[in-house]
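Residue numbers (my numbering), protein chains in the order written: chain Y, 1 to 311; chain V, 1001 to 1311; chain S, 2001 to 2311.
Glycine included, each C-beta is placed from N, C-alpha and C at the ideal position.
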Amino acid sequence: MKLTVKSLIGLRDLSRPEIEFILDQSESFKEISYRPIKKVPTLRGKTIINLFIEPSTRTRTSFEIAGKRLSADVINFSPSQSSLSKGETLSDTAKNLEAMKPDLLIVRSPAAGIPELFSRSISTPVINAGDGFHEHPTQGLLDLFTVKERKKKISGLKLAIVGDIRHSRVARSDIYGFSKLGAEVTVVGPPTMIPPGIEQLGCKVSYHLDPVIPESDVIMMLRIQMERGSGNFLPSLREYSRFYGLNLKRMEQAKKDMLIMHPGPVNRGVEISPEVADGNCSVILDQVENGVAVRMALLYLFCGGADEVSA
Amino acid sequence: MKLTVKSLIGLRDLSRPEIEFILDQSESFKEISYRPIKKVPTLRGKTIINLFIEPSTRTRTSFEIAGKRLSADVINFSPSQSSLSKGETLSDTAKNLEAMKPDLLIVRSPAAGIPELFSRSISTPVINAGDGFHEHPTQGLLDLFTVKERKKKISGLKLAIVGDIRHSRVARSDIYGFSKLGAEVTVVGPPTMIPPGIEQLGCKVSYHLDPVIPESDVIMMLRIQMERGSGNFLPSLREYSRFYGLNLKRMEQAKKDMLIMHPGPVNRGVEISPEVADGNCSVILDQVENGVAVRMALLYLFCGGADEVSA
Amino acid sequence: MKLTVKSLIGLRDLSRPEIEFILDQSESFKEISYRPIKKVPTLRGKTIINLFIEPSTRTRTSFEIAGKRLSADVINFSPSQSSLSKGETLSDTAKNLEAMKPDLLIVRSPAAGIPELFSRSISTPVINAGDGFHEHPTQGLLDLFTVKERKKKISGLKLAIVGDIRHSRVARSDIYGFSKLGAEVTVVGPPTMIPPGIEQLGCKVSYHLDPVIPESDVIMMLRIQMERGSGNFLPSLREYSRFYGLNLKRMEQAKKDMLIMHPGPVNRGVEISPEVADGNCSVILDQVENGVAVRMALLYLFCGGADEVSA
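Here it is in structure tokens:
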């Protein structure tokens, strides 16, 4: 199978078979990270540029580890947005990078649309590593992979996404991804944090967490991102935690095998209590681990791996 | 052939045959970046330190890609000048790095003379990646390479360098390089931006762009570097653009095969209009591409490649 | 032999045979940095994360070079302490990194205890690259290695450590290491810079440098760290230098083969005069060079090298 897109900008652009194909590929890459020698020559001689215009440690590290385990040459740079441009247009920046003949650009940006603009400007494939409040497709894929690994299916499951939906690129990628694979998605949060019209993406809306818990198979707790201004939409963290935090008491209403997810970093005691974050239902660390496998598959597929290297 | 210098500090220090030798070598490295597996084992087991005391993305990336395509281990560090020293002398910093047995240091610094000071302090070879307003010899070499690739020669060509000559290390390296190879160089800009006595480097001076265009074979448009204080030497950007910007109207006076170059990043609408930057005469992206090839050749030559590795 | 500790947090935790074993191993790694191809496949396919929460150039570079010469994949990140956590606990940060299956974490932090906290939180081994005013065990080991290389023994030697003992993690690691191997350690400095009770670590105390010099076999001059607030404990640098600086006049009282060490970066003219720093007795650059060898040995030993790779 071959993907119909040159770049991975968002899960909105992928078909169900394409998403399933990526998840299948990821499975075969996961095992590599358990070997004593965690390295395969698949992408030897390929150049991958990690362009992180927004500070990030875990996503950047996950991509870098994924690249190095495939033997690619990974080049990091993390300019501030201002220093990146120096008056240069983003399209010129993209073309300058393309001229150095990389095989793939991974782009994270504080503003929505920059990965897509890069992709349109050049022939090099681009993977969106999170752009503003738009999408974070590799997170969506690793969430799908983690649920599928545990539940053996996605179709028919009920997923609740809880928190600041308005400012969450993760929520958007998850809504697209889980809906396409047949899950029923409900977004949950205070009215100020749920953008009007979000139902058009194919999800339901609830302003209350309690009634949603008993019927959920998977619950994704979003991070309250004080550093992104979440505070402007909340009376107080304590209030938020009382109405939307996942704690042991609320877990009494949950199915015994409900999965608890979180894209990290976790604010213990805010959106999730420590006992729940560390409890049996939590697959938060599985998500991180699977992130490396999913990104290995994506690097392979978007570096033209399927065509040139393995053929 | 063997270079007579241990380090590459400036094109002023190289003879014409040495420059031609480097350009010849670069040609054989260019093809590697077009292979499906863009990697050769030439510098395996060599340690290259990228010491960038001044922020840089494209030059650092170009060197890093060049090093990795030759299989060298590339170590980046980009300290601020203050944190670099902590009261330590630069000579001590150099000796500390030397003690870790690198094969090559690449040094960029906001102050002129630091790469040379490093080179004098230690036996490790040093490549100057741009020092203050002094020289940027690898840019000069990639400019020469790009012109030679297109024009099949340098000797006898007429090159105009337009803009803030005073604050341009690129201009200085280009003047040395193109003059030595037999081109006739004219620097063009407002009187405030042309240092008195620049003719002694072997170039002509013009304060007007229009009369220079028709006779030029190559025109190098320098970046107006507002972040380096160019504004103090200009009435306004608009004024500058009107008198010294390259636009479609001015291009009517140019030879049909005149090459337009720019060291980047480009300020579209200031020193060059978008139509000209993207036009047929522009080789701006060729410069970026050739930068990787020229730097591969330089890493090879200054890492002692010619002696030890290939022999 | 097998080390009894999973992680290297401090020299306090190692036995004398363990320290001697590490020094022996280091010797066999030193030679690699003299080869034309400075690379062995020992740690191919191992992932090492360099987590430097505190800015550092030389220690980070030393570890990175060590890792690459062993063919490990080295991942750097240097977050500010605030951006690291974003409200996340350090234990969660550690577990997130562990989930990406690295083989080793190298941790430097401005606060004491963070490497140990990381090590307790996860099963991945941790090497402390300096934590607050606690320990800097790899520096202690390279100091031991350097003295042993020159003096052919440690036991019975007299070591003086001079300077700001209070704020020196190097002093603490050296006191533990040299004492365990049978040297007699004296710390020297103004009373404000010597913490009360330091004798309990197994060293003697002197508030005067002059009487200590004639009987010393090795003298370790610590850096006056103005950037860490040393100035609050000193009347003036000039005063300090007069009473505790090592200069040619003081050297007249020293044994002819006394070794002069310094963990760097050196403040010439403050704690040590230029003539002494560059004199025959100085082994300051040997320390830097040996740092790479010692760290290669440690990466090998703590990556499970002794068990899996070489067996």
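- Per DSSP, residue 2050 of chain S is one residue of the beta strand (DSSP E) stretching across 2047 to 2052.
- In the three-state reduction of the DSSP assignment, residue 1226 of chain V falls in the helix class.
- About 26 Å separates the beta carbon of residue 2038 of chain S from that of residue 1004 of chain V, a gap too long to meet the 8 Å contact definition.
- In this structure, residue 1216 of chain V keeps its C-beta atom at 8 Å or more from the C-beta atom of residue 1261 of chain V.
- Close CB contacts of residue 90 of chain Y within its chain, under the 6 Å cut and outside five residues either way in sequence, are with 117 (chain order).
- Identification of residues in the segment 2085 to 2109 of chain S having a C-beta nearer than 9 Å to some C-beta of chain Y yields 2085, 2086, 2087, 2088, 2089, 2092, 2093, 2095, 2096, 2097, 2098, 2099, 2100, 2101, 2102 and 2103, given in sequence order.
- Secondary structure remark: continuous beta strand (DSSP E) runs of at least 3 residues inside the segment 2187 to 2272 of chain S, in chain order: 2204 to 2206, 2218 to 2221 and 2259 to 2261.
- Rounded to whole angstroms, the separation of the alpha carbons of residue 2274 of chain S and residue 1164 of chain V is 41 Å.
- Minimum Cα-Cα distance from residue 193 of chain Y among the listed residues Y:201, Y:241 and Y:162 corresponds to Y:162.
- Secondary structure at residue 1145 of chain V: helix, using DSSP grouped into helix, strand and coil.
- Here the segment 136 to 153 of chain Y lies against the segment 23 to 31 of chain Y, with 3 or more beta-carbon pairs under 8 Å apart.
- In terms of beta-carbon proximity, residue 61 of chain Y stays away from the interface with chain V, with every pair separated by 8 Å or more.
- Around residue 2053 of chain S, no beta-carbon contact reaches into chain V at under 9 Å, the shortest distance being about 15 Å.
- The Cβ-Cβ distance between residue 2295 of chain S and residue 2021 of chain S does not fall below 8 Å.
- For residue 2129 of chain S, there is no enclosing alpha helix (DSSP H); the residue is part of the beta strand (DSSP E) that begins and ends at 2126 to 2131.
- Excluding the 5 residues flanking it on each side, residue 2221 of chain S has same chain C-beta neighbours closer than 6 Å at 2162, 2246, 2262, 2271 and 2272, in chain order.
- Boundaries of the alpha helix (DSSP H) harbouring residue 2066 of chain S: 2058 to 2069, taken from the DSSP string.
- Judged by their CB atoms, residue 2185 of chain S and residue 2159 of chain S are nearer to each other than the 8 Å cut-off.
- For residue 47 of chain Y, the nearest beta carbon of chain V is closer than 8 Å to its own beta carbon.
- Residues of the same chain with a CB within less than 8 Å of the CB of residue 2060 of chain S, apart from the 5 flanking positions on each side, are 2050, 2052, 2076, 2078, 2108 and 2129 in chain order.
- With distances taken between CA atoms, residue 72 of chain Y lies nearest to Y:42 out of Y:100, Y:42 and Y:92.
- The straight-line gap separating the alpha-carbon atoms of residue 2240 of chain S and residue 289 of chain Y is approximately 53 Å.
- At least one CB atom of chain Y sits nearer than 8 Å to the CB of residue 2077 of chain S.
- Excluding the 5 residues flanking it on each side, residue 2242 of chain S has no same chain C-beta neighbour closer than 7 Å.
- Interface annotation, residue 2044 of chain S: in contact with chain Y, CB-CB separation under 8 Å.
- The beta-bridge partner set that DSSP reports for residue 77 of chain Y consists of Y:51.
- Those residues of the segment 32 to 43 of chain Y placed with their C-beta closer than 8 Å to a C-beta in chain S are 33, 34, 35, 36, 37, 38 and 39, ordered along the chain.
- In the DSSP annotation of this structure, the continuous segment of the beta strand (DSSP E) that includes residue 108 of chain Y starts and ends at 104 to 109.
- Beta-bridge analysis with DSSP links residue 2027 of chain S to no other residue.
- For residue 101 of chain Y and residue 1137 of chain V, the gap between their C-alpha atoms comes out near 22 Å.
- In the three-state scheme derived from DSSP, where H, G and I count as helix and E and B as strand, residue 175 of chain Y is classed as helix.
- Closest by C-alpha distance to residue 1122 of chain V, out of V:1096, V:1133 and V:1141, is V:1096.
- Residue environment: residue 1017 of chain V is assigned as exposed (fewer than 16 neighbouring CB atoms within 10 Å of its CB, all protein chains considered).
- Judged by their CB atoms, residue 1173 of chain V and residue 1140 of chain V are nearer to each other than the 8 Å cut-off.
- Shortest Cα-Cα distance from residue 1232 of chain V to any of V:1190, V:1086 and V:1206 involves V:1190.
- Contact between residue 1268 of chain V and residue 1254 of chain V does not hold, since their C-beta atoms are separated by about 19 Å, which reaches or exceeds 8 Å.
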